[in-house]
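Down below is the structure, laid out as structure tokens.
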Amino acid sequence: MRDHEVLAAFERIYRADVGAITRFFARRCAEPQVVADLTADTFVRAMTSFATFDARRGTATSWLYGIARHTFAAHLERSARIRDVALKAGGRRELDGDELAELEARIDAERSSRALLARLAELPELEREAVELVHLCGLSPKEAAEALGVPRGAMRTRLYRATARLRAVVDDEVEAR
Amino acid sequence: MSRFEDNLWAELERDHGPALVQQSVNRRRANAGRWVAAAAAVAILLTGAMIAPDYLGGAPPSDALLDSDQDGSVTLKIQDIGRYDEVNAMLRERGIPAVMVPLRQDCADEVPQLDDTGRIGMIPWGAGSDSTKLVIVPSRIRQGATLVFATDQKNFGTVVSGLYARDRLPNCLLRVEAGR
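Heads up: the protein sequence lines correspond to chains A and B, in order. 142 is the number of the first residue of the first sequence in the numbering used here; add one for each residue after it. 959 is the number of the first residue of the second sequence in the numbering used here; add one for each residue after it.
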């Protein structure tokens, strides 16, 4: 790949997946500025490690979700640390009015997905993420396994278990009514 | 694309685009260096293959396979490269982090596209002055790395070599344990 093609290749990946990655964070954060910063962080990390991306090991989408997960985990860790020392985190770039409105709309659109994620809160983290990546993000189980860094067989088991637990939760709710 | 997405791309392209292109340049240079080294090895092996019949008078005893120099470097005759087990045993015994492995038939096509993220340096070996020998200089092999020579058993003119992190040897070359 020639030098200028590398940037074009990365731009194609960016344009194909930026919406999904933004929604991934919109399901987790209610602040547009935080969603914007985490989306930007994810793509900065992706850009600086693009040389390590290997299409034979998985799709660009699953690779990006893997980075997004790490970005969010780092954000949680950083937030906890910042709370401890009573500091405020500064945003990467102030959003303008139109961008704020766009992101607020996306955060709003993810309300039902957030509710579903909240119901999944009882599940182990990896099972919860498996359900999200497959049922909310639309990844194939293979791509979800790549994003989570688990074998495909383990992903199938997690999805099966999570579905069974969800069914039990719904049954309990129906009975309680 | 939304305004947010367009603005973010403009920011990424401006702030990180040059680094991305630089990564590509570095990678291309590294790959070019790798193939220059491999081509040199091919040339040496071809020369060795032409001269080898003159030298072949029965296999030498295994302790004569490697000549050691005072600076710690070892020299291996081209015609002995195919004695993988014996050569590797000697390299291991001397604590030299290098292995000679046969290229599997199904590996020959795979090797040129090997993921080189595990590769941590270029080829730190030298050819002997008479072009029928390989000189391995252990002090030039980085800590934690393994020098790998993969050769085609049927066609000695094919050789691939590289320096890999020890725990990340390409799967299709994983046949033997390196020393040290």
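Beta carbons: idealized from backbone N, C-alpha and C, even for Gly. Only a predicted model underlies this, so the values are computations on that prediction, with no experimental measurement involved.
Inter-residue distance for Leu-205 (chain A) and Ala-1103 (chain B) is about 30 Å (C-alpha atoms, whole angstroms). Residue pairing for Ala-1056 (chain B): DSSP places it in a beta bridge opposite B:Leu-1105.
Between the stretch 236-244 of chain A and the stretch 172-192 of chain A there are three or more C-beta pairs closer than 8 Å, enough to call the two in contact.
Annotation: Glu-245 (chain A) has no Cβ neighbours in chain B at a cutoff of 9 Å; minimum Cβ distance is about 11 Å. Boundaries of the beta strand (DSSP E) harbouring Asp-1025 (chain B): 1024-1026, taken from the DSSP string. At least one CB of chain B lies nearer than 8 Å to the CB of Ala-177 (chain A). Each of B:Asp-1038, B:Arg-1041 and B:Leu-1024 was checked against the Cα of Glu-1051 (chain B), and the nearest Cα belongs to B:Leu-1024. Across the stretch 153-185 of chain A, CB contacts with chain B closer than 8 Å involve Tyr-155, Arg-156, Val-159, Gly-160, Thr-163, Ala-177, Thr-180, Ala-181, Phe-184 and Val-185, in sequence order along the chain. Interface flag for Ala-977 (chain B) against chain A is set, since a Cβ pair is found closer than 8 Å. At a cut-off of 8 Å between beta carbons, Glu-240 (chain A) contacts chain B. The C-beta of Met-1048 (chain B) comes no closer than 8 Å to any C-beta of chain A. Against chain B, the beta carbon of Thr-189 (chain A) has neighbours under 7 Å at His-974 and Ala-977, listed in chain order. Spanning the alpha carbons of Ser-960 (chain B) and Val-1095 (chain B) requires a straight line of approximately 57 Å. Here Gly-238 (chain A) carries a helix assignment [DSSP, helix/strand/coil].
In the structure shown, Leu-970 (chain B) adopts helical secondary structure according to DSSP, grouped into three states. Going by C-alpha positions, Thr-183 (chain A) is about 13 Å away from Glu-963 (chain B).
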